[in-house]
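**Student:** Residues in the sequence shown are numbered from 1 upward in steps of one, following full-length UniProt numbering. Quick one: the structure is below, questions incoming.
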Amino acid sequence: MEDTSFAIHPGKQKDVDVGSEILIGDLNSFKVSKQGYEFHCDNGYVVISFVDQEVVRIVMNLEQPLNDESSVAVIQEPQSIQAEVYEEKKVINLVTSYMEVTVQKSPFRVFIKDYKGELIVADHEKGMGYEVGGKVFCSKEADDDDQYYGFGEKSGFINKKGEVYTMWNSDVYAPHNPETDPLYQSIPFFMTLRNGQAHGIYFDNTFKTTFDMRTEESNEYCFSAEGGRLDYYVFIGPTPKEVLNQYTYLTGRMPLPPKWALGYHQSRYSYESEEEVRTLVSLFREKEIPLDAVHFDIHYMDEYRVFTFDYKRFPNPKRLVSDLKEQGVRSVPIVDPGVKVDSEYETYVEGITDDLFCKYIEGNLFFGDVWPGKSAFPDFAKTKTRSWWGRKHQFYTDLGIEGIWNDMNEPAVFNETKTMDVQVVHDQDGEKKTHRELHNVYGMLMGKATYEGLELLLDGKRPFLLTRAGFSGIQRYAAVWTGDNRSFWEHLEMAIPMCMNLGVSGVPFSGADVGGFAHDASGELLVRWTQLGVFTPYFRNHSAIHTARQEPWMFGKKYEESIKSFIQLRYKWLPYLYQQFKQASETGVPVMRPLFMEYPNDQKTYNLSDQFLVGDRVLVAPVLRPGATSRMVYLPKGDWFNYWNGDLYKGGKCIIVDAPLQVLPIFVKKGSIIPEANELQSTNDPVEHLTLHVYPSESKTTYSLYDDDGETFNYRGGEYFELELQTWYDRNQLHLVSNVINSCYKPNWSKIDIVVHGLSENTEVIYNKKKVAEINAKSNRFSVTGLV
Ligand code: GLC
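Next up, the structure:
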């Protein structure tokens, strides 16, 4: 070809200067517009606006101040909060009652101070800019004391200082190790903890983004995106919980799940026939192991066509679903996005006829191989596709199904790139956007379609959706499981920081496959993993085809007993967990919490990855090594009771605790009330006997006990029960004061016992100002009436 024009092909030029950085430059002019505070700089525009008192948004655009693009993640309409503007020679200050944003004019840089005047976010020398190839970036000053958390579903320990992360939803079957990145979810949000105070940054960009937190030498961290614009929000905290509150105000919160979704779920790739499922559920019931849901993996379908059943394997799904429901067990089928190419298959025909699938700009369809073979993929960016897909779930709801499991929605494709061609052009209701831009939100938009469809179809009942892929805001639609882990002790350990960081990233409802998905589990591993599962927000045992089966009884009686007792423990703790879910749905603060969240001034908590809090006062420290019968536990400041034997420890130090196979170390902080349900086989059984475990302290503890019907949205209209309980002790008197806040729903409890811990001397119990009992070393339990 050298004798053709190819000889002078421009690509042959060596030093093409693509990719060199252009910084935003100096400020040229400034004005206040309806968009916010608009800064015209040498090389682009920056708009600063206050979305809320504690949230500021910064957008850099090259050509015009702001083209108002829609955001998939952000649900909040900005409030127009005005700032006082003070212009000086070198700076412009924007001051609100909660923060101060200082804009340096030359070069243009942004500095954010909190309401106390403390500098929390500062542009580093480079500040913001872009590259000719389309990349946008922002570089910030890092402090030696900075600790970083969040970034969604990432492997490794909890503290992300020193790490570099990419956001690009990926189907990673193996390996999941500390350097495996990216995984299935993209949550471009993180929280910085600096000298005990927290703030957060959310980078609202759906392209492939990178966060470089290797701050130690450079004193800078940087976030960048392959395309789109620099558009980010700063949340000023100042506590970690407030940061989450602010972030989830912007991107939404988890709706309260149905109670059954909090029970124990059993899954396997796959239970391959109706008969197998029936036998499985009968075994659970025979062995009296609680169970709330069974998952149907891909084998239930007719050659993996979604919205079908293989009637040879599952002759009567309707009867099956209803028989299981009668036993308190829900059915959760898997639904993947790939639609089999088959002109005799209704879903495919509809998608083609109504133009609902992903296409190239030239109009030809994108096809990719997944379980059903050659498949087309719904274009979930289109409202029309989402409503169609949502409505298609009538196929399942007509059978009595209330929960769906979305998988392969990165989307996963069996090809070199593992996903859809980035050249595919989505049709976002008329706006054309490449897959390069929308890849990271594909799974979330599928989740939106599914959740909203189910919401309409279930007629007032709460849907349950489980998803593998997601983006910021996924919590509005789905619980997240951490994908294809393995039956390794290392993966048991890794599940803790992964779920904690999902919680720190606004996703409170998460869990890992209990027992590990791939590889063969052992009895001991399954016991220890089930122990962790009791306190992870989502609790499902799942394993892969060709691996050792890992239903609770698969490793013999000794292990079975132990596994059973821990699944039972989950059900005992359900009233407490449900209350925590309620709070998470209102505040965004996760159920499963890293310790730094409650103890932000305690440096020992900053990278504590192998123990966690459930709510604010229950500490769980799972055993993570084979053969271990004890472990070290860090107890933060305060007094802590060993849940099992009542031993009391002073916190602020590490202790070694005995943890033979039957023991999961759990500690309850002095000054707590923990409700406990009677034994249940599923959440279908009413909690008739509630026990309130009181761990009193001298100072007043307030606990709010919440309940509702557990399956409809009626609580939103006020049909719920809420009781506030206060307790404290004073010399030989234990005081309990109850105050019903709302009783529009009547719980099922017919018996309430109170068990007092930690007081062995003769103590009078004063309940609502009347003496009702006396407790001493022999008896610490009494019954009360009138609580409901
Ligand atoms: C994927 C999922 C896994 C599922 C399997 C078959 O690997 O992550 O959970 O069992 O596909 O559907």
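Where is the CB? At the ideal position from N, CA and C, for every residue including glycine.
May I ask you to report which of helix, strand or coil DSSP gives Glu598?
**Tutor:** Correct three-state label for Glu598: coil.
**Student:** Could you tell me whether the Cβ atoms of Asn420 and Phe366 are closer together than 8 Å?
**Tutor:** Going by the sequence as given, residue 420 is Met instead of Asn. A contact, by the Cβ cut-off of 8 Å.
**Student:** Given a threshold of 16 other Cβ atoms within 10 Å of its Cβ, counted over all protein chains shown, does Pro182 qualify as buried or as exposed?
**Tutor:** buried
**Student:** So, under 8 Å CB-CB, Glu69 and Gln246 are touching, yes? Tell me the CB distance rounded to an integer number of Å.
**Tutor:** Wrong, their Cβ atoms sit about 22 Å apart, outside the cutoff.
**Student:** Under three-state DSSP, which class holds Asn501?
**Tutor:** helix
**Student:** Could you compute how far the alpha carbon of Thr210 sits from the alpha carbon of Pro178?
**Tutor:** Going from the Cα of Thr210 to the Cα of Pro178 covers about 17 Å.
**Student:** Starting from the C-beta of Thr605, find all residues in its chain whose C-beta is less than 6 Å away, skip the five residues before and the five after it, and write them out in chain order.
**Tutor:** Leu595, Phe596 and Tyr599, listed in sequence order.
**Student:** Are there any heavy atoms of the ligand GLC lying less than 7 Å away from the beta-carbon of Phe414, as far as the coordinates show?
**Tutor:** No, since every heavy atom of the ligand GLC falls outside the 7 Å radius drawn around the Cβ of Phe414.
**Student:** I'd like the list of long-range same chain contacts for Ser273, defined as Cβ closer than 6 Å, with 5 residues on each side in sequence excluded.
**Tutor:** Excluding five sequence positions before and after Ser273, the CB atoms of its chain that fall closer than 6 Å to its own CB belong to Arg313, given in chain order.
**Student:** Could you name the residues of the same chain whose beta carbon sits closer than 6 Å to that of Gly516, not counting the 5 residues immediately before and after it, in chain order?
**Tutor:** Asn485, Arg486, Ser487 and His491
**Student:** Spatial neighbours of Ser760 within its chain, please: C-beta separation below 6 Å, excluding the five flanking residues on both sides.
**Tutor:** Same-chain partners within the cutoff: Ala777.
**Student:** Report the three-state DSSP secondary structure of Pro333 (helix, strand or coil).
**Tutor:** If DSSP states are grouped into helix, strand and coil, Pro333 belongs with the strands.
**Student:** Here's the rule I'm using: 16 or more other beta-carbon atoms within 10 Å means buried, otherwise exposed. How should Thr629 be labelled?
**Tutor:** exposed
**Student:** For Thr96, which of Tyr37, Glu63 and Asp145 has the nearest alpha-carbon?
**Tutor:** Tyr37
**Student:** Taking Lys770 as the reference, which of Trp749, Ser565 and Gln733 has the closest Cα?
**Tutor:** Gln733
**Student:** In three-state terms, what does DSSP make of Ile298?
**Tutor:** helix
**Student:** Is the beta carbon of Glu437 less than 8 Å from the beta carbon of Phe137?
**Tutor:** no
**Student:** Can you check DSSP and say which residues form a bridge with residue 790?
**Tutor:** Outside the displayed span of the chain (1 to 788) sits residue 790, for which this structure offers no information.
**Student:** Beta carbon of Ile673, beta carbon of His689: below 8 Å?
**Tutor:** no
**Student:** Does the ligand GLC have even one heavy atom less than 7 Å from the beta-carbon of Asp520?
**Tutor:** Checking the 7 Å criterion, the Cβ of Asp520 is out of range of every heavy atom belonging to the ligand GLC.
**Student:** Do Val74 and Leu250 have their beta-carbon atoms positioned less than 8 Å apart in this structure?
**Tutor:** yes
**Student:** Should Leu505 and Ile187 be called a contact, given that it needs their Cβ atoms to be closer than 8 Å?
**Tutor:** In the sequence under discussion, the amino acid at residue 505 is Ser, which differs from the Leu named in the question. In contact: Ser505 and Ile187 (Cβ atoms closer than 8 Å).
**Student:** Mind pulling the alpha helix (DSSP H) runs of 4 or more residues that sit fully within the UniProt domain "Glycosyl hydrolase family 31 C-terminal" (588-674)?
**Tutor:** none
**Student:** What are the boundary residues of the beta strand (DSSP E) that includes Asn61?
**Tutor:** Val55 to Asn61
**Student:** What is the rounded straight-line gap between the Cα of Pro333 and the Cα of Leu291?
**Tutor:** 16 Å
**Student:** Considering only DSSP beta bridges, list what Ser510 is partnered with.
**Tutor:** Val480
**Student:** By Cβ distance, which residues of its chain are closer than 8 Å to Thr434, with the 5 residues on each side in sequence left out?
**Tutor:** Val422, Gln423, Val424, Val425 and His426
**Student:** At a cut-off of 7 Å, is Gly483 close to the ligand GLC when judged by its beta-carbon and the heavy atoms of the ligand?
**Tutor:** yes
**Student:** Let me make sure I understand the geometry here. Which of Leu680, Leu619, Phe464 and Thr383 has the alpha-carbon closest to that of Glu431?
**Tutor:** Thr383
**Student:** Measuring only from the beta carbon, is Ile401 closer than 7 Å to any heavy atom that is part of the ligand GLC?
**Tutor:** no
**Student:** Does the beta-carbon of Leu45, which I'm using as the reference point, lie nearer than 7 Å to any heavy atom of the ligand GLC?
**Tutor:** It should be noted that the sequence gives Tyr, not Leu, for residue 45. Result no, Cβ not under 7 Å from the ligand GLC.
**Student:** Go ahead and label Tyr271 buried or exposed: buried means 16 or more other beta carbons lie within 10 angstroms of its beta carbon, across all protein chains shown.
**Tutor:** buried
**Student:** Below 8 Å between beta carbons: does that hold for Asp52 and Ile24?
**Tutor:** no
**Student:** State yes or no: is the C-beta of Trp489 within less than 8 Å of the C-beta of Leu525?
**Tutor:** yes
**Student:** Since I believe Tyr442 is in contact with Asn409 (beta carbons under 8 Å), could you give me their beta-carbon distance rounded to a whole number of angstroms?
**Tutor:** 6 Å
**Student:** Under 8 Å: do the segment 129-147 and the segment 220-232 share three or more Cβ pairs, one atom per stretch?
**Tutor:** Segments in contact, yes.
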